[in-house]
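Enquirer:
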Amino acid sequence: QATALAQALVDDDLHAYPTHLEEMVATLKRGIRVMALTNLEKQFPHQARREALTEVGRGFPTMSRPNSLKLFRQYLDEYASTTSNVEATLAMVPRKNWGCSDTLMVAANLLQRDIFVLGKDAMGQKGWQCT
């Protein structure tokens with residue numbers, strides 16, 4: 530997800546510059562983490578955290594508020610620290626560390642740009658939606 534964002538931000542083939550791409554991706558992921566942790570509970574109420582965690586295979590519909598807060602912080606920490614190397618990312622990032630619609634929302638705020646997402650509701654209640 531962060532790799533696609535970095536590629537979209539510039540009008541050049543970043544795969545030709547793997548070190549630059551890796552640095553941009555790592556910076557984006559760290560920025561997403563910091564922005565998400567700012568006013569975390571206001572920005573991501575319990576239901577939003579629970580849905581995001583379920584989306585990446587880390588949560589479940591009946592998880593408690595304190596548990597969702599703890600696991601969401603852990604998710605953000607691990608998301609920001611995953612490898613930013615393109616080849617390694619394609620081969621090694623486990624689903625539990627993938628970005629989700631909430632990390633894209635934070636990225637849009639961080640970058641001050643619109644990002645349109647078509648996604649399936651992880652809780653299975655709303656079907657497909659565009660945000």
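Its first residue numbered 530, the sequence shown is counted upward by one per residue in this note's numbering.
Where a beta carbon is used, it is the ideal one built from N, C-alpha and C, also for glycine.
1. Hey, out of T591, L557, V554, R579, whose CA is closest to R602's CA?
2. Tell me the rounded alpha-carbon separation between P547 and V554.
3. Determine, using beta carbons only, whether A565 and V635 come nearer to each other than 8 Å.
4. Taking just the CA atoms, how far does L569 sit from K599?
5. Just to confirm, is the Cβ distance from D606 to R562 under 8 Å?
6. Among R587, P574, S610, Y604, which one has its Cα closest to the Cα of R594?
7. Use the C-beta contact count for E551: other C-beta atoms within 10 angstroms, 16 or more gives buried, fewer gives exposed.
8. Cutting at 8 Å between CB atoms, please list the residues of its own chain near S597, excluding the five before and the five after it.
9. By DSSP, does R642 sit in helix, in strand, or in coil?
Expert: Reading from the atomic positions:
1. R579
2. 10 Å
3. yes
4. 11 Å
5. yes
6. P574
7. buried
8. H575, R578, R579, L582, G588
9. coil
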